[in-house]
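Be aware that the sequence shown starts at 224, since it is given in our numbering, and climbs by one per residue. For glycine and all other residues, C-beta sits at the position ideal for the given N, C-alpha and C.
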Amino acid sequence: MVAVVDGRVLERLADGTVKQRSPITGTVVWTVPGRSNRPLPAALPPPMPLPAGRHDDLCPFCPARIQETPPERARFLLAGSGRPAGEPWVIRRDLGAREAAAGPWDVRRFPNLFAILPFSYWQANHGVELPVGALDRAARYGREPEGRAHLLAIARARLRAAGVSAQLADREPQEALLASSTAYFASTHDVVTTRRHVLDEATMDDQLTAAGDLTAEEHHAFVACAIDGLADLCEHVPGARNVAVFQNWLRPAGASFDHLHKQVVAIDEHGPLLERVLRLLGSDPHLFNTAVADPASRDRLLIAQNDHAIALAGVGHRYPTVEVLTTGPAVRPHEAPPEVVLGVSDLLHACHAATGRLVPTNEEWHLAPTGADVPMPWRVNLKWRISTLAGFEGGTKINVNTISPFELRERMVTALAGLRGQGRIAPLRIGDECQHGPGILQYAR
């Protein structure tokens, strides 16, 4: 079978080898028969028993150790007093150190202690000044004894990470340390984390809480908190041409901690991929139908669908990749109606649950940048990081992917059917139940 549509190639040879080329990136991928039958490798070391009573302080992202992260920007609470009628959660912002340490939360957002592009980058290269509101909040936070102690501890932790001895870090003038912490109140790179490091019933340290282990409601809050951060950075970082939203799950996928979290990063360039997508859409506004969704429908690569999004097995990815795309009008996540955010969250949650907690994954959000003059669907790629690029790929630029889109689709459909039967995921249509035919995506209309 050979299918070529606007640069998309999906070819199955006589021996069963599948060759692919992405219409979006041009990436070339081969899948050799038999390799997809290998079990997915575990990404964790041999499990160890959990110390008694240690579920909440296993890493700096855990509830008992929030003083090891910079002052938080927002927290989402799913239950409790103060929740507005009809709202799924309470959002609390800019808490003092004492209240933050004592109060409950389900999802929280805070500045990354080691930002990709720290505020100093924007100051030096774009002349961005600290907003008055950030200065005021920093002053209020530092007036509280617990807040002052927290800011000093964070500043000294950064010095120690840079190689300064603990003795020298302790001798740094406190006012200088406090001044260096002010930039956290105008963060340009945030972390969004969920509460549980391990499952509530966990007895071993490999019983981690992955995205698919959250309830659908918890996952919705997790996604919404990331969107809250996206909106914040779009509004308050002058010069930001793009905001990257991503999730690295487990060390092989780039995670520093085995605690579920997303990152939201303001950047001052579109980046090569987004530039390429914008050029392609300029030539063909219907690109994501003609080159992605329509061929996936024809080739039976649709995985699942609800009223607002569709999941399909992606073509031309270095790693097995599930693509989740919004099916309605073009919209950016922070401008999307609540029902669209919920639809994307539910479908993404189901795909994570079907993937399983032991598979390292990257979750990459793709959205139209501010000022884009072409419509683009909000889409999320869920990549299974189950192989390592090696000399063959580097020398030929032909990527060997152990699982073809066809095999990925079958694995996901089977797993989703089981999860739906157990009531573990929100209602959705699976496999051949999905809408087939051209024009599934309505973003360009």
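* Asked: Between which two residues does the alpha helix (DSSP H) carrying residue 511 extend?
  -> Where residue 511 is concerned, there is no enclosing alpha helix (DSSP H), given that its DSSP letter is neither H nor E.
* **Backbone CA spacing between residue 415 and residue 329 [nearest angstrom]** => 11 Å
* At what residues does the alpha helix (DSSP H) containing residue 578 begin and finish? -> 561 to 578
* Asked: For residue 652, which option in 639, 545, 664 and 460 has the closest C-alpha, if you only look at C-alpha atoms?
  -> 639
* Extent of the continuous alpha helix (DSSP H) run through residue 390 -> 389 to 394
* **Cβ distance (whole Å) where residue 406 is taken to contact residue 353 below 8 Å** => 7 Å
* **Assigned exposure category for residue 546 - 16 Cβ within 10 Å defines buried** => buried
* **DSSP-derived helix/strand/coil call for residue 615** => helix
* Asked: Using the C-alpha atoms, what's the distance from residue 385 back to residue 232?
  -> 47 Å
* Asked: Who are residue 485's beta bridge partners in DSSP?
  -> 415
* residue 515, buried or exposed, once every other Cβ within 10 Å from all chains shown has been counted against 16 -> buried
* Under the rule that 16 or more other beta-carbon atoms within 10 Å means buried, what is residue 486, buried or exposed? -> buried
* According to the Cβ coordinates, are residue 312 and residue 444 closer than 8 Å? -> yes
* Which class does residue 525 belong to by DSSP, given the choice of helix, strand or coil? -> strand
* Excluding five sequence neighbours on each side, which residues of the same chain lie with their C-beta closer than 7 Å to the C-beta of residue 608? -> 475, 476, 542, 583, 584 and 585
* State buried or exposed for residue 284, treating a residue as buried only when at least 16 other CB atoms are found within 10 Å of its CB. => buried
* To do: Assign residue 585 to one of three DSSP states: helix, strand, or coil.
  => strand
* DSSP puts residue 546 in a beta bridge; with which residues? -> 535 and 604
* To do: For residue 597, collect the residues of the same chain with a Cβ closer than 7 Å to its Cβ; drop the 5 residues on either side in sequence, then sort them by chain order.
  => 501, 504, 505 and 508
* **Cβ-Cβ separation, residue 254 to residue 626 (assumed contact under 8 Å), whole Å** => 7 Å
* Asked: Does DSSP put residue 667 in a helix, a strand or coil?
  -> coil
* Have a look at the DSSP bridge pairing and note the partners of residue 629. => Looking at the DSSP assignment, residue 629 forms no beta bridge with any residue, so it has no partner.
* Are residue 603 and residue 587 close, meaning C-beta to C-beta below 8 Å? -> yes
* CA-to-CA distance, residue 360 to residue 649, given in whole angstroms -> 40 Å
* Asked: Quick one: what's got a C-beta closer than 6 Å to residue 591's C-beta in the same chain, skipping five residues either side?
  -> 555 and 599
* To do: Tell me the start and end of each unbroken beta strand (DSSP E) in the stretch 330 to 354 that is at least 3 residues and wholly inside, in chain order.
  => 330 to 334
* Asked: What's the C-alpha gap between residue 573 and residue 435?
  -> 7 Å
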